[in-house]
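Structure first, commentary second.
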Amino acid sequence: MLPVARILFVCTGNTCRSPMAERLARLHYPQHHWESAGVRIWRSGLSPWAVPVLVQMGAETGGFVSRQIEDAALESFDHVVLIGDQAQEWWGGHSCPPSFAGKSARATVHRWDVPDPLTDDGMTDAQRHPIYAATAAELLRRIHELALTL
Numbered sequence: 006m007l008p009v010a011r012i013l014f015v016c017t018g019n020t021c022r023s024p025m026a027e028r029l030a031r032l033h034y035p036q037h038h039w040e041s042a043g044v045r046i047w048r049s050g051l052s053p054w055a056v057p058v059l060v061q062m063g064a065e066t067g068g069f070v071s072r073q074i075e076d077a078a079l080e081s082f083d084h085v086v087l088i089g090d091q092a093q094e095w096w097g098g099h100s101c102p103p104s105f106a107g108k109s110a111r112a113t114v115h116r117w118d119v120p121d122p123l124t125d126d127g128m129t130d131a132q133r134h135p136i137y138a139a140t141a142a143e144l145l146r147r148i149h150e151l152a153l154t155l
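Position 91 (the sequence shown) corresponds to 96 in my numbering; numbering is contiguous.
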């Protein structure tokens with residue numbers, strides 16, 4: 006049996022990219038432990054446009070609650086995946102992220118440049134769907150690549 010790895014996905018608000026990655030990874034690689042967090046929470050729960058995409062892909066969407074990166078026990082993760090500019094800037098702005106202070110930082114950090122699917126408020130759900138679907142497909146592609154290294 007493969008060793009179980011602990012992976013944390015981090016994006017801006019923990020409503021789109023990181024929870025989509027978390028739920029897709031849990032679906033495809035249940036032998037590992039997957040969580041997500043955001044650097045700046047501005048609303049709680051999954052984006053309403055992410056839910057139908059995840060359901061269509063067979064992922065579980067229930068029970069998700071957004072959380073701040075400060076609430077994640079960073080020192081407990083083997084891998085931290087920073088998705089997008091704001092997560093990467095947050096991490097880069099800390100010589101040692103706050104939760105790592107005084108602890109051995111053992112996590113391997115990955116930087117994924119996946120654009121935020123959150124789009125213009127004037128768009129219809131039908132216009133948003135392919136944007137969210139493309140984001141989910143890109144995340145899943147990268148999850149498959151990451152899983153090969155775990």
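Even for Gly, the Cβ is constructed at its ideal location relative to N, Cα and C. Small disclaimer: the values here were computed from a predicted structure and weren't measured.
Residue i, buried or exposed, once every other Cβ within 10 Å from all chains shown has been counted against 16
i      : result
Trp54  : buried
Trp117 : buried
Leu151 : buried
Met25  : buried
Trp39  : buried
Gly18  : buried
Glu65  : exposed
Span separating the alpha-carbon of residue i from that of residue j
i      : j      : result
Ala142 : Leu87  : 17 Å
Leu59  : Gly50  : 14 Å
Ala77  : Pro135 : 31 Å
Cys16  : Leu29  : 15 Å
Tyr34  : Pro122 : 24 Å
His37  : Leu155 : 9 Å
Ala92  : Pro120 : 12 Å
Gly63  : Arg48  : 24 Å
Extent of the continuous alpha helix (DSSP H) to which residue i belongs
i      : result
Glu75  : That residue, Glu75, is in no alpha helix (DSSP H); it is neither H nor E in DSSP.
Arg146 : Asp130 to Ala152
Distance between beta carbons of residue j and residue i, contact taken as under 8 Å
i      : j      : result
Asp130 : Ala112 : Wrong, their Cβ atoms sit about 37 Å apart, outside the cutoff.
Residue i - containing beta strand (DSSP E), residue span
i     : result
Arg11 : Arg11 to Cys16
Complete runs of the alpha helix (DSSP H) confined to the stretch 22 to 104 [at least 4 residues]: 22 to 33, 55 to 61 and 90 to 97
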